[in-house]
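Working notes, structure below.
Number of protein chains: 4
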Amino acid sequence: MPLWTLEEVAQHSTSKSCWIIIQNHVYDVTEFLREHPGGELVILRFAGRDATAVYESIHSPEVLEQLPPSKHLGPLSASDIHKLSSKRDKTKDEQRIEEAAKRKPPLQRILSLRDMEAVARQTLASTTKAFYTSAADDGITHGENARAFSRFFFNARVMRPVSRCDPSTYILGFKSSIPVFASGAALAKLGHPDGEINITKGAAQTGIIQMISSDASFSYDRIMEAAAPQQTLFFQLYKHINDSFAEQRVRRVERLGYKAIFLTVDAIVRGNRERDRSSIWELEDEEKGTPAYWSEGDVLEGDMDDLGAAGVIVDGAGGDMTWEKTIPWLRSVTKLPIVIKGIQCVEDAVLAAEAGVDGILLSNHGGRQLEYSMPSLEVLYRLRQKRPDILSKVEVYIDGGITRGTDIVKALCLGAKAVGLGRPFLYAQSAYGVAGVVKLVQILHREILTAMRLLGASSLDDLCPEMIERVDWQPRLSTKL
Amino acid sequence: MPLWTLEEVAQHSTSKSCWIIIQNHVYDVTEFLREHPGGELVILRFAGRDATAVYESIHSPEVLEQLPPSKHLGPLSASDIHKLSSKRDKTKDEQRIEEAAKRKPPLQRILSLRDMEAVARQTLASTTKAFYTSAADDGITHGENARAFSRFFFNARVMRPVSRCDPSTYILGFKSSIPVFASGAALAKLGHPDGEINITKGAAQTGIIQMISSDASFSYDRIMEAAAPQQTLFFQLYKHINDSFAEQRVRRVERLGYKAIFLTVDAIVRGNRERDRSSIWELEDEEKGTPAYWSEGDVLEGDMDDLGAAGVIVDGAGGDMTWEKTIPWLRSVTKLPIVIKGIQCVEDAVLAAEAGVDGILLSNHGGRQLEYSMPSLEVLYRLRQKRPDILSKVEVYIDGGITRGTDIVKALCLGAKAVGLGRPFLYAQSAYGVAGVVKLVQILHREILTAMRLLGASSLDDLCPEMIERVDWQPRLSTKL
Amino acid sequence: MPLWTLEEVAQHSTSKSCWIIIQNHVYDVTEFLREHPGGELVILRFAGRDATAVYESIHSPEVLEQLPPSKHLGPLSASDIHKLSSKRDKTKDEQRIEEAAKRKPPLQRILSLRDMEAVARQTLASTTKAFYTSAADDGITHGENARAFSRFFFNARVMRPVSRCDPSTYILGFKSSIPVFASGAALAKLGHPDGEINITKGAAQTGIIQMISSDASFSYDRIMEAAAPQQTLFFQLYKHINDSFAEQRVRRVERLGYKAIFLTVDAIVRGNRERDRSSIWELEDEEKGTPAYWSEGDVLEGDMDDLGAAGVIVDGAGGDMTWEKTIPWLRSVTKLPIVIKGIQCVEDAVLAAEAGVDGILLSNHGGRQLEYSMPSLEVLYRLRQKRPDILSKVEVYIDGGITRGTDIVKALCLGAKAVGLGRPFLYAQSAYGVAGVVKLVQILHREILTAMRLLGASSLDDLCPEMIERVDWQPRLSTKL
Amino acid sequence: MPLWTLEEVAQHSTSKSCWIIIQNHVYDVTEFLREHPGGELVILRFAGRDATAVYESIHSPEVLEQLPPSKHLGPLSASDIHKLSSKRDKTKDEQRIEEAAKRKPPLQRILSLRDMEAVARQTLASTTKAFYTSAADDGITHGENARAFSRFFFNARVMRPVSRCDPSTYILGFKSSIPVFASGAALAKLGHPDGEINITKGAAQTGIIQMISSDASFSYDRIMEAAAPQQTLFFQLYKHINDSFAEQRVRRVERLGYKAIFLTVDAIVRGNRERDRSSIWELEDEEKGTPAYWSEGDVLEGDMDDLGAAGVIVDGAGGDMTWEKTIPWLRSVTKLPIVIKGIQCVEDAVLAAEAGVDGILLSNHGGRQLEYSMPSLEVLYRLRQKRPDILSKVEVYIDGGITRGTDIVKALCLGAKAVGLGRPFLYAQSAYGVAGVVKLVQILHREILTAMRLLGASSLDDLCPEMIERVDWQPRLSTKL
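Protein chains in written order, with the working numbering: chain A, 1 to 481; chain B, 1001 to 1481; chain C, 2001 to 2481; chain D, 3001 to 3481.
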């Protein structure tokens, strides 16, 4: 193999001939451009240049192996490797992160999910923080997801036997130590080199279930390999517009041992995440230079602008899914339980139950998709009021805005079977790896137990609508003690 | 022609003999004083002095041509021209604006209407900013217009075919690419030399309709000349107290090709715009000198104070319009569709429909007229609840407080045919000229499309009241992500 | 007469022999102690000392003349006069006020009642500001009085003849140019040497009615002398616990020409005005010396603490007034119209009407008495809903929290005949004397006219409940434009 | 007896041999470890070290006497005593407190409970402040307890005889000068060396009743000795899990003369008091050294973490109390009146009444236990609406969030017999000892009297539901006057 120079690589910087450098090796990705799930433009930004940083923050090493050997063009010359590495001084953001890492508190000081998030916010790269935290438009639904919980108060019962108290449950028939699962959240590797696998290992240690995102940073195989024997993993599906491609993916994850399919239906176009879209410029302004890398989010948004207002179909998400067509199709290609992720109103909860799915996840994608979508808990409350029968026909889960054990207990009082958490797991693994994930579950375990006992419940079945009341005032959340 | 000196001009500083200097030429406006639509005092402030700055910020050059030639007294002497120009150093406000212009972000960084407004606020003259942004009294209705939208949440529908999604509509039978029109807003020239014409050209490029204000900075002819062939322009009418003068204006705009008359009924006296009224003093304080010019708004308010609390009839607005008299009169002088602009309650919406107009614009003049007028969206909501039949009898539009595509979709769910935006177009053209207007429409286009698809609507007809719910809490709008 | 020394005077510092110095003259007030309307302790604090400052800030010179000549002991010696005056340097608060007076804006810049208050707050002595602004406990009712208005929005009517618009009315049969009267407010002299008389003269110039407080700084005679011929003045009565003393006062004011008696019933004990009570210490801390004088409020509160928690009956206010006893008694001693000031609920409004009074003033004493008393406008709203008949049986007025013409128009829409303003008149006269009072009325006149016209009303009779709606949200009042 | 060295003591630092130093004497507490009510770990932290500071802040001297003489090992050597004392410089927190003590305002300047709290917050040790102020999770219920009062407004009645006004009442048949009792609150000694005894003496002087906490810093005997003859004391019982131990405690306090048992039922596990848990680290960070001592709260939380999420039964609180078992048992061991402390909903109020107790205390433990427990006043309001009969069957008290006389009057209007205050008494005694407690009661006495009179009530029996109204808006509490 030849040794390449930076100058030579730089001549292949167009969609007609596109080379990139990853870990000091050169690759020809011209033909791969069209197949790239994130779109061509993501790669074209690095055409003829080093793409190591952005690649490593998103993909695991084995992804490169999918390129045919002929496209592995070989290493850079030693002197150019040196040039490349000396070119990269630490950016201000990287310096900030290094400082924050030094000041990171010991894990025992993390008392709540908010403490955990606070540490993660200090130690994440700016663009990653923007990607993880961003929500649609002005973040109204994102904020109201959480605020909705604050309008529900408890009618606590006393003088009940609660010294033995069991918060465990079954989700789709699979045991869970607490009524919580890790919801699918993309690109965990942006926050920590081990990404989703941190969550997998933490879930194994604490006995909860993890849902793997279609957009996970690691391959579905690799994650399953990292799982403990008998560990339950679910799969979050963005249905590809092409049925047969979608079918392949479903069959593959079933074969790998995933135990349920969560079909995501609230993300047929990408929401308008402005914080994410603008973060890259802020970084540029700060550094007064070319940014080292972009988050996937930014780049995709870039594509959207280029494609114009006519709209983009996000990769892997099938356009025009319908109740009539999509559910029967999915049933026909898998025996796994099917859950619809992204139900946002009572009417669709009813349609889902009629379509015969096994569960529904009341979710608005963490406020990242339709701005002003009804907060998930309010949808659950309406479902409880208008169609309580649905709650016994299918398992109903909820996600969005959960930060406390009391939030979880409230959802269960209203009839939810379990709740999903997305961002909190990203923050926990970003800040402390596997140990962070374990700590997160421990905090929730303890908070749930405390709330159950003080509420007079010794098992989740004791939680009932009478124990909760939607009040007509809005608590002040910023109370300082 | 003689060459005048500043000293000579200065001797004509009363209503008995009133000369002013515009672009180094001297004009005798003594007789014109009484005819001036903005009132005598506006001019008298500059009697015997240079009025170029305020003239240019409000009027287009051709207005001067309406003065009889005998009143064109001729140029200043060269040495006095020099004196005049050297007298004017840049004010602090002008320096601030110059600095802001240098820092103006490239248009691609403008992601939302709020971004656009933020840029405009930096680059506008203080008095113009005060005039554009000001609202009645304490700005309650102005603020609540916008906050009203935040109390409506979506019941989003999933699993519907939305990959083809069309946000276009017809307004009074005229095609519009999105259900948005540029509402009449006065004095666009204060923000940009090309003023309303920027909007005209931007509207042509993006396929939307513009409504021209009676108080436009350019003549109605000039604006129509700037329009593309077949471009639809509407006309906003302040009815003159004198019927025959008013008739002339209507016939003139019909002849020029304007396609509808929006009769404004909510501004029979000027609202109390304190921010605008006080801005001039703030400027004075800052400069510690005589202000270079006033905004029209300030000056008119000055008149009002002088005339006392007995009240002023704003020029061009007829006092005592009535349903019985005014609508039949207007029908008698034009064949154009008639829309009532400024309906603020259900009862008047009913009367308007009974009076046989073609449309109504639910509007409180952007909160600039009656403080504590019900927010427009709340009026629409009440109309939908109490008299839904009206929504099918006449076309109903709404303006006030709209900043997002979701706002527009909400109004349409409640039955509006289209929405008007006023200030956002002023900001866009002030900040970036025609390109700013185009960008504004593109942003809205994209936001509307995203909201429609995520809501499960593939055309505007799919938007229905069931998709929206007025909630009983007030979201926190300042959520930081 | 002898010339006294400070040392000699200082020996008479007890209730057995109490001398005080006023304007360098010595007075024996031992026997007067018991008669002092403000209580003994107020004077005893100055026993044996100079009391000029506090005397002048509260009383007019003629009050001293009521002391028998034998108690006028004569002047201080010249050297002691000198000692007295040199002892008093300007305090920091006095320096602050002098500075503020220099920066006081010209009256034309005062656009609203809030502007006026802002000027007054700058130029008042700290203790006076504390006395004027203070309210009970934490100021909840004080603040909510004003916020209540913000929950009422207009259903504005258009296309109505309003070019002629008349805001005048009759109050108890007496003409008023606008539906506003100056409510009785104590101790106007603290803010301006001419005190209540500024308001009297301003009211005369603008055609409104003034109510004189029992606690006015000037004698009732003196104020009546300052009035214009035919000017209407009302009298606010704190009924003395002793019927015959109270009768004398009523007969005296009737004889002097006052036109109605407003019997105050909401102040039988003094409210807990903490801001006022603590202001004196703040001043002490600032000056690190003995304060020059106290406000009446502080001193009375001091008394209360000394008397302990058993409660104090405020001077002049009769304990145990009852419907059965007090109204017939008052009717028996005067032919003037009787208004009950301080009605705070619907039930008492009904009782008042049944007791045959001529009017009621819905008032909670500007939030200075019972904390958490229902805001006045909310009481009016409940009266309109539950007992609209009362509104036609007696004239109903309202005060508390009014700062805008729209506030006044709202009260009239709900059925009030007129509104009272207290603090705003104190601020206006403090800041600008008579001219401030005139300006205040002009501002309200203009704001009322603007609101009426834009609402579609040409006279106060046109204002009706249908024009107003109590909304279910709370507007954000701090909106910056 | 030998003289010990620090080095020798340090060798006994495990649970197998555990020595500690208190006031320069050495004690062998190895066997006592298991019996320590606060758990072993609290002591083990000081094994082999000086524990004087934490011991003195929590216990009174006589507690040590309970150790058998053989465990009193004798004094330290003189030179080691010197080493020990020189080792301890004043910490920053101690310096802060000393400074604050110098600036402490004279008691006469304390006008409200908030003033009192403000002083206490300045003068308490950081850890004590954290322990006193902390509440569960994010302090929502703690804050909403107080905010609930702000949603109730008065319909004040006028023209009623109130000059004689009596705020006294009977609680369980025992006279109280005002309808207020000092609620049991643990560890008063942390704030002042005389701790609970300050409250006992202040209560005696002002004629109110004190409830003594099971966790009082002084022994129940010692407190009773400090009481005046005939003074009424109640006892707050944390029922020990072991019935016979619990019985001994009840019989002991009955024998000592306590007059009622308040059985606490809302604290079967400790709430999650994060502020308290984290305070110790903040202190460490500040001092950059080993903290001098911990508050009980911190240490117990430490235990909980070690024991893991399976939950901890707080010492002295019996697990699995039930209506069927616990009430009959308690009746069988005492003739004293029984009150259930910690009722949080209407249903349990009914069960308590049916169980035949003498009273119930609507309480959520000051927001320290179940986060989002319904605010106590809202529970009372619901009880008044749904089951008013309960209010006449048992005496109903309420605590949580009370800071003003109006709060107390509101609770009584809704049917409460009296209210309890916990933290305010801790603050008052911490800041000013006995005098602070007396002042606190005087302030409330005066505020209650003022409110009653202005409301038209001359005795507590006059307070009725018609005098109060729950409003549909939330007052703004931060109003500055």
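Where a beta carbon is used, it is the ideal one built from N, C-alpha and C, also for glycine. Quick caveat, the model's predicted, so the values are computed rather than measured.
| said: 9 Å is my cut-off, CB to CB: does C/Asp-2298 come that close to chain D? | reply: Mapped onto the third sequence, residue 2298 of chain C falls at position 298. Its pLDDT being 33, under 50, C/Asp-2298 is placed unreliably by the model, and the measurement read from it follows with that caveat. No, no contact with chain D.
| field | Span of the beta strand (DSSP E), counted from its first residue to its last, around D/Phe-3234 | value | Here residue 3234 of chain D corresponds to residue number 234 of the fourth sequence, with the count starting at 1. Here the beta strand (DSSP E) through D/Phe-3234 covers 3233-3237.
| message | With three or more beta-carbon pairs closer than 8 Å as the criterion, would you say the region 2319-2331 of chain C touches the region 2248-2266 of chain C? | response | Verdict: yes, contact present.
| message | For the region 429-444 of chain A against the region 136-144 of chain A, do three or more pairs of beta-carbon atoms, one drawn from each stretch, fall closer than 8 Å, so that the two count as touching? | response | Contact fails: fewer than three Cβ-Cβ distances are below 8 Å.
| task | Could you run through the region 133-157 of chain A and flag, in chain order, every residue whose CB is less than 9 Å away from some CB of chain D? | result | When C-beta distances to chain D are compared with 9 Å, the residues of the region 133-157 of chain A below that value are Phe-149, Ser-150, Phe-152, Phe-153, Phe-154, Asn-155, Ala-156, Arg-157, in chain order.
| task | Note down, in chain order, each residue of its chain lying with its Cβ closer than 7 Å to the Cβ of A/Val-158, except the 5 sequence neighbours on either side. | result | As a working note, residue 158 of chain A is residue 158 in the first sequence. Only residues of its own chain outside the window of five on either side were considered, and among them Gly-456 have a CB closer than 7 Å to the CB of A/Val-158, listed in chain order.
| Rounded separation between B/Phe-1245 and C/Gly-2143 - CA only | Numbered from its first residue, the second sequence carries residue 1245 of chain B at position 245. Numbered from its first residue, the third sequence carries residue 2143 of chain C at position 143. Rounded to whole angstroms, B/Phe-1245 to C/Gly-2143 spans 50 Å at the Cα level.
| query | By the criterion of Cβ-Cβ separation under 8 Å, what are the contact partners of D/Ile-3343 in chain A? | reply | Here residue 3343 of chain D refers to the residue found at position 343 when the fourth sequence is read from its first residue. By Cβ distance, chain A contributes Val-158.
| request: Tell me whether A/Gly-356 is buried or exposed, calling it buried when 16 or more other Cβ atoms sit within 10 Å of its Cβ. | output: Counted from its first residue, the first sequence places residue 356 of chain A at position 356. Result: exposed.
| Those runs of the alpha helix (DSSP H) which lie wholly inside the region 3085-3124 of chain D and span at least 4 residues | Fully enclosed alpha helix (DSSP H) runs of 4 or longer: 3092-3102, 3113-3123.
| Tell me which same chain residues have a C-beta within less than 7 Å of the C-beta of D/Ser-3151, skipping the five on either side of it? | Locating residue 3151 of chain D in the fourth sequence gives position 151, where the first residue counts as 1. The question names Ser, yet the displayed sequence has Arg at residue 3151 of chain D. So the qualifying residues of the chain are Arg-3470, Val-3471, Gln-3474.
| How about B/Val-1162 and A/Asp-320: do their beta carbons lie closer than 9 Å? | Residue mapping note: residue 1162 of chain B aligns to position 162 of the second sequence, counting from 1. Residue mapping note: residue 320 of chain A aligns to position 320 of the first sequence, counting from 1. Yes; because the gap between Cβ atoms is below 9 Å, this pair is in contact.
| message | Among C/Leu-2377, C/Lys-2410, C/Leu-2414, whose alpha-carbon lies nearest the alpha-carbon of C/Gly-2400? | response | As a working mapping, residue 2400 of chain C is identified with position 400 in the third sequence. Among C/Leu-2377, C/Lys-2410, C/Leu-2414, the Cα nearest to that of C/Gly-2400 is on C/Leu-2377.
| query | Are there three or more Cβ pairs, one per stretch, closer than 8 Å when the region 3369-3376 of chain D is compared with the region 3346-3353 of chain D? | reply | Touching, no.
| task | For the region 1196-1248 of chain B, list the beta strand (DSSP E) runs that are entirely contained and at least 3 residues long, ordered along the chain. | result | Correct list: 1209-1212, 1233-1237.
| message | Does D/Thr-3322 pass the burial test, meaning 16 or more other C-beta atoms within 10 Å, or should it be called exposed? | response | The residue given as residue 3322 of chain D occupies position 322 in the fourth sequence. Answer is exposed; the Cβ neighbour count stays below 16.
| query | Can you tell me the Cα-Cα spacing of B/Ala-1148 and B/Pro-1375, whole angstroms? | reply | As a first step, residue 1148 of chain B is located in the second sequence; it is residue number 148 there, counting from the start. As a first step, residue 1375 of chain B is located in the second sequence; it is residue number 375 there, counting from the start. Spanning the two alpha carbons is a distance of roughly 7 Å.
| task | Check each candidate in B/Met-1467, B/Leu-1449, B/Val-1434 and name the one with the smallest Cα separation from B/Gly-1202. | result | Locating residue 1202 of chain B in the second sequence gives position 202, where the first residue counts as 1. Across the set B/Met-1467, B/Leu-1449, B/Val-1434, the C-alpha of B/Val-1434 shows the shortest separation from the C-alpha of B/Gly-1202.
| query | What's the gap between the Cα of D/Ile-3443 and the Cα of D/Ser-3112? | reply | Along the fourth sequence, one-based indexing puts residue 3443 of chain D at 443. Along the fourth sequence, one-based indexing puts residue 3112 of chain D at 112. The straight-line gap from Cα to Cα measures roughly 7 Å.
| task | Go through its chain and collect everything with a Cβ distance to B/Lys-1071's Cβ below 8 Å, but skip five positions before and after it. | result | Numbered from 1 along the second sequence, position 71 holds the residue referred to as residue 1071 of chain B. Non-local beta-carbon contacts of B/Lys-1071 in its own chain, meaning distances under 8 Å to residues more than five positions away in sequence, involve Tyr-1027, Asp-1028, Val-1029, Glu-1031, Phe-1032 in chain order.
| Name the chain D residues whose beta carbon is nearer than 9 Å to that of A/Ala-216? | In the first sequence, residue 216 of chain A corresponds to position 216, counting from 1. Residues of chain D with a Cβ closer than 9 Å to the Cβ of A/Ala-216 do not exist; the shortest Cβ-Cβ separation is about 29 Å.
| By the 10 Å Cβ neighbour count, where 16 or more other Cβ atoms means buried, how is D/Lys-3239 classified, buried or exposed? | The residue you call residue 3239 of chain D lines up with position 239 of the fourth sequence. Label assigned to D/Lys-3239: buried.
| said: Please report whether the beta-carbon of C/Asp-2399 lies at a distance below 9 Å from any beta-carbon of chain B. | reply: Start at 1 with the first residue of the third sequence, and residue 2399 of chain C comes out as number 399. Judged by the 9 Å Cβ criterion, C/Asp-2399 is not in contact with chain B.
| message | According to DSSP, simplified to helix, strand and coil, what is C/Cys-2464? | response | As a working note, residue 2464 of chain C is residue 464 in the third sequence. In the structure shown, C/Cys-2464 sits in coil (DSSP, three-state: anything other than H, G, I, E or B).
| query | So which residues on chain D does C/Glu-2094 lean against when the C-beta distance must stay under 9 Å? | reply | On the third sequence, residue 2094 of chain C is found 94 positions in, with the first residue counted as 1. Per Cβ cutoff of 9 Å: no residues; C/Glu-2094 is ~22 Å from chain D at best.
| Interface flag, D/Pro-3475 vs chain C, CB-CB below 9 Å | Locating residue 3475 of chain D in the fourth sequence gives position 475, where the first residue counts as 1. For D/Pro-3475, the answer is yes, since a Cβ of chain C falls inside 9 Å of its Cβ.
| task | Answer with buried or exposed for C/Pro-2179, where buried requires no fewer than 16 other C-beta atoms within 10 angstroms of its C-beta. | result | Sequence index remark: in the third sequence, residue 2179 of chain C carries index 179 (1-based). Counting every other CB atom within 10 Å of its CB across the protein chains shown gives C/Pro-2179 a total of 16 or more, marking it as buried.
| Three-state secondary structure assigned by DSSP to C/Leu-2440 | Walking along the third sequence from the start, residue 2440 of chain C turns up at place 440. Looking at C/Leu-2440 - three-state DSSP - the assignment turns out to be helix.
| query | From the beta carbon of C/Ile-2402, is the nearest beta carbon of chain D less than 9 Å away? | reply | Along the third sequence, read from residue 1 onward, the residue named residue 2402 of chain C stands at position 402. No, C/Ile-2402 does not count as interfacial toward chain D.
| query | Between the region 3447-3461 of chain D and chain C, which residues of the former have a C-beta closer than 9 Å to a C-beta of the latter? | reply | Those would be Glu-3447, Ile-3448, Leu-3449, Thr-3450, Ala-3451, Arg-3453, Leu-3454, Leu-3455, Gly-3456, in chain order.
| Residue span of the alpha helix (DSSP H) that contains C/Trp-2019, given as start and end | By 1-based counting over the third sequence, the position of residue 2019 of chain C is 19. Careful: C/Trp-2019 lies outside any alpha helix (DSSP H), inside the beta strand (DSSP E) at 2019-2022.
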